[in-house]
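Start counting the sequence shown at 5; every next residue gets the next number (the working numbering).
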Amino acid sequence: MVELCKDALNALRRSEPLIRGKIEDKVYNPIKWSYDVLPDERIKSCFLFFCLFPEDFQIDVEGLVRYWFAEGLLEGHRDIEEMMDRGMTIVETLTEYSLLEHYAWSSVKIHDVIRDVSVWISSSLEKECRSLVRSGIGLHKIREGELSAKPYKRVSFMDNQIKELPNEVRECPTVSTLLLQWNEELEEIPGRFLAAFMSLKILDLSGCSLIKSLPPCFDQLVELQALVLISCENLETLPPVGGLAKLQVFVCSNTHIATLPQGMEKLTSLRLLDLSYNYHLTAIPVGLMSSLSNLEYLDMRSNEQLMFVGEKGEVSTIFKEILSLDRLIALFTRLGSSACTLEITNSLLNKMMKFKKFQLSIGPRGYQTLTVTKNSRRTVILIDIHLWGERVEWLFANTTSIHFKGCEGLDIMFEKLVANNDEVGCFDTVKFLEITKSSGRFGVGRNAKCDMLPNLDYINLDDLTNLSCVSALAMQLGMKFSKLRFMWIAECPQLKYLISLGTTILTLEKLETIGVHSCEQVEQLFKFDQNSGLDSVLFPNLKRIVLGDCPKLRSLSDQNIACPRLEEVDVSGCPLLHRLPFTDQSFGSIKRIIGAQEWWDQLEWDSANINNTLQPLFTPIYTAK
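Now the structure itself:
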């Protein structure tokens with residue numbers, strides 16, 4: 005079968021018009037059938053976008069959905085958030101039809117064979133989606149006449165080593181999508197080159213880090229709907245954009261620009277604006293934001309020179325303009341320094357409850373805000389805020405994701421939160437909790453009477469210097485972790501174990517991933533309460549275990565644990581860990597074990613059968629990809 009797939013790949017890459025015999029029956033036909041039975045033509049067109057990416061490429065779903073939106077494949081929805089939800093549904097549909105596979109939090113991959121079938125379809129069969137795909141093949145230049153050889157709709161030269169573009173290109177009136185991102189040696193975009201693409205709707209130049217400017221004729225691309233400039237790190241100036249009247253998506257993130265381009269106030273069709281991580285951007289003209297009357301999504305995270313709340317708590321005119329935008333439903337920004345008090349934050353938060361999604365970061369300059377996760381609809385990040393005496397019920401009640409970073413008095417704040425448990429009840433909207441850099445002593449004082457975070461999905465604890473076990477924090481807040489899927493613990497020097505099982509927490513039924521790193525005192529992950537009567541526990545959904553630099557870790561548990569769906573174990577720097585949670589009945593789902601060769605050689609097994617079966621699945625750490 006391996007040889008058959010290789011033969012199929014070679015045939016497909018030659019774009020052979022007919023594929024006969026075994027290849028057709030066993031490889032091409034099943035994939036083509038999955039494509040043919042997709043529910044409608046729009047979903048088929050969405051699927052053919054995947055062939056524009058290189059082999060084995062991690063494809064960001066949100067960026068992909070923006071392409072679909074700009075090409076008009078997601079029409080009929082009220083706002084960008086609904087379109088994004090529709091896009092996610094399409095991705096799930098393609099996954100169910102075995103045409104895609106999930107990769108990470110918000111990314112997908114397409115199998116090489118499926119990708120090549122989609123290339124074959126888009127280049128040979130579909131006139132409406134005919135594509136020129138030259139991505140990720142090490143090109144240094146674009147051949148003369150290649151772009152105009154056929155009436156292409158989509159063109160991809162992404163992820164190559166192209167140093168210069170043709171100065172003159174025959175007109176390409178049918179091309180609506182041009183992907184040139186991640187050509188890191190490309191220094192210039194010639195005006196004559198762009199002039200050949202007057203029907204362009206989507207242009208992506210992300211990762212072309214040597215480009216310093218764009219040609220003056222840029223605003224003649226009057227059909228442009230989406231312009232994406234991510235990590236063009238040397239891009240200093242942008243040409244006037246007033247002619248881009250149809251532009252709906254403008255992403256200009258992590259560049260060197262200090263000012264916004266002329267004519268931005270004329271972009272009245274703009275619905276999504278991403279200006280995040282532009283550390284040199286010093287000002288936004290008064291009146292600009294209020295002129296963008298159709299704006300729905302605004303991302304201004306980590307723009308270090310912009311201050312929306314002053315040292316005395318005054319809210320800037322620009323931020324008032326932003327809050328007054330009638331159609332705005334998503335806002336991501338840093339408000340100001342730690343002088344922006346919780347009282348001010350609470351006041352602004354009340355005004356922002358009309359948004360479907362927001363992320364507010366409050367703290368000193370130089371802090372990199374995180375990427376919003378799937379569950380983080382409403383996020384507040386507090387950095388170096390003094391929480392002594394503060395009541396923060398409103399914070400837990402109005403957010404889905406809370407991040408405390410370097411906040412003093414966090415343990416006292418939790419004590420007061422628990423003391424008011426009868427009054428405030430539980431906070432069922434919170435799904436993500438992160439605590440970083442705290443010396444608080446958690447678990448002191450009374451415990452909550454109910455689970456205060458009953459729907460917690462993700463917990464991340466990093467650099468908690470006095471945390472002895474996660475159970476201490478869990479018991480204080482009454483947390484049973486009944487919905488918890490992800491747990492990450494790092495840099496907790498006093499940590500002895502994670503969770504005590506058998507009393508408050510009987511099992512972690514939903515847990516999918518657990519990671520523990522750089523906890524020098526931890527000896528085991530799970531400890532059984534001696535009075536519980538349990539001698540084993542089931543983790544029915546645990547798929548991934550990541551353990552690193554825990555020199556005293558000896559076992560995952562002092563009793564038997566069963567992980568029937570475990571797929572990956574990644575271990576490094578844990579020399580005393582001699583056993584893994586495998587039995588003759590529970591290792592069938594494992595796909596990969598990563599670790600040092602010497603660690604693997606000293607593992608102890610219940611039977612030689614387990615060792616022999618798992619040996620081919622072991623990847624020495626120095627070759628892991």
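Just so you know, even glycine gets a beta-carbon here, dropped at the ideal spot from N, CA and C.
In this text, all values refer to a predicted model and were calculated from it rather than measured experimentally.
- Three or more pairs of CB atoms, one per stretch, sit closer than 8 Å, so the stretch 109-116 contacts the stretch 49-68.
- In the DSSP assignment, the residues bridged to P624 are G599.
- If you draw a straight line from the Cα of P194 to the Cα of V245, it comes to about 17 Å.
- When secondary structure is reduced to three states using DSSP, S294 falls in the helix class.
- DSSP places V179 outside both helix and strand once states are collapsed to three, so it counts as coil.
- In the DSSP annotation of this structure, the continuous segment of the beta strand (DSSP E) that includes D467 starts and ends at Y462 to L468.
- If you look at G91, you'll find it in the alpha helix (DSSP H) that goes I84 to E100.
- Runs of the beta strand (DSSP E) lying entirely within the stretch 447-533 and spanning at least 3 residues, in chain order: 462-468, 490-494, 503-505, 517-521 and 528-532.
- The beta carbon of F197 sits closer than 7 Å to the beta carbons of L169, P170, N171 and V173 from its chain, once the five residues preceding and following it are set aside; these are given in chain order.
- Judged by beta-carbon spacing, K205 lies within the 8 Å limit of A74, meaning their Cβ atoms are closer than that value.
- Residue state for R196 is assigned as helix, using DSSP reduced to three classes.
- Under DSSP, F436 shares a beta bridge with S405 and Y462.
- Each of E79, F57, I125 and L104 was checked against the Cα of N33, and the nearest Cα belongs to I125.
- With 16 or more other CB atoms across the displayed protein chains lying within 10 angstroms of its CB, R70 is buried.
- Considering only D223, C256, L214 and L218, the residue with the shortest C-alpha distance to N238 is L214.
- Distance from the CA of T321 to the CA of L242, rounded to the nearest whole angstrom, comes to 25 Å.
- Scanning L327, G444 and T433 for the CA closest to the CA of S294 turns up L327.
- Of all alpha-carbon atoms in S235, N545 and L580, the one lying nearest the alpha-carbon of R569 is that of N545.
- Less than 8 Å separates the beta-carbon of L233 from that of T259.
- Straight-line measurement puts the Cα of K547 at about 49 Å from the Cα of P177.
- If you check the CB distance, M479 and L460 do not come in under 8 Å.
- Under the DSSP definition of a beta bridge, Y301 partners with L276 and A334.
- If you ignore the 5 residues before and after S152, its C-beta comes within less than 6 Å of the C-beta of R174 and C176, all in its own chain and listed in chain order.
- DSSP, read as helix, strand or coil, puts D208 in strand.
- According to DSSP, T383 shares a beta bridge with Q363 and S405.
- Separation of the CB atoms of M304 and S273 is rounded to 20 Å, and the pair is thereby denied contact status at 8 Å.
- Residues L233, I234, S235, D278, L279, S280, Y281, N282 and D303 of the same chain have their beta carbon placed closer than 8 Å to that of S257, with the five preceding and five following residues left out of the count.
- Distances from the alpha-carbon of L481 to those of W186, W492 and L437 put L437 closest.
- In this structure, V422 lies near N451, with their beta-carbon atoms less than 8 Å apart.
- No Cβ-Cβ contact shorter than 8 Å links S576 with G592.
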